[in-house]
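S.K.: Numbering (my numbering), first residue to last: 2 to 123.
From the three backbone atoms N, C-alpha and C, an ideal C-beta is built for every residue, glycine too.
A quick note: this is a predicted structure, and the numbers were derived from the prediction, not measured.
Sharing a structure with you now.
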């Protein structure tokens, strides 16, 4: 490849255009280096945070298992009771919605509504 900084203009002096182009190429390389450095730093930080999170999760699991095993006679019936309560509440809400829809279907949509403005004043 030809070194463009050695090319001279017709007047014999080095051209400023080639100098600016070489400067632009150098800037591209330096910006790539900065981008690679920031990528490496941020990747290292994220890898470190991942390791800390995994280590903390394992330690909490190791420390909490004996407590959970000792208190399991309480947790299992409590969990079952909570599950049945939530399921029963959900079933009650679903039944209310279904019965409301059936009532509106048989009675009609306009029954019980005020259809004219000011009708409720009579």
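I need the straight-line Cα distance from residue 35 to residue 49, nearest angstrom please.
M.R.: On the chain shown, residue 35 is found 34 positions in, with the first residue counted as 1. On the chain shown, residue 49 is found 48 positions in, with the first residue counted as 1. Approximately 21 angstroms, taken between the alpha carbons.
S.K.: Compute the beta-carbon to beta-carbon distance between residue 76 and residue 69, rounded to the nearest angstrom, for a pair I have assumed lies under 8 angstroms.
M.R.: As a first step, residue 76 must be located in the chain shown, where it is residue number 75. As a first step, residue 69 must be located in the chain shown, where it is residue number 68. Right, the Cβ-Cβ distance comes to about 7 angstroms (below 8 angstroms), so this counts as a contact.
S.K.: Hey, how far is the Cα of residue 91 from the Cα of residue 101?
M.R.: Looking up residue 91 in the chain shown gives position 90. Looking up residue 101 in the chain shown gives position 100. So the two alpha carbons sit approximately 15 angstroms from each other.
S.K.: Given this structure, state the Cα-to-Cα distance separating residue 42 from residue 67, to the nearest angstrom.
M.R.: Your numbering for residue 42 matches position 41 in the chain shown. Your numbering for residue 67 matches position 66 in the chain shown. In a straight line, the C-alpha of residue 42 is about 39 angstroms away from that of residue 67.
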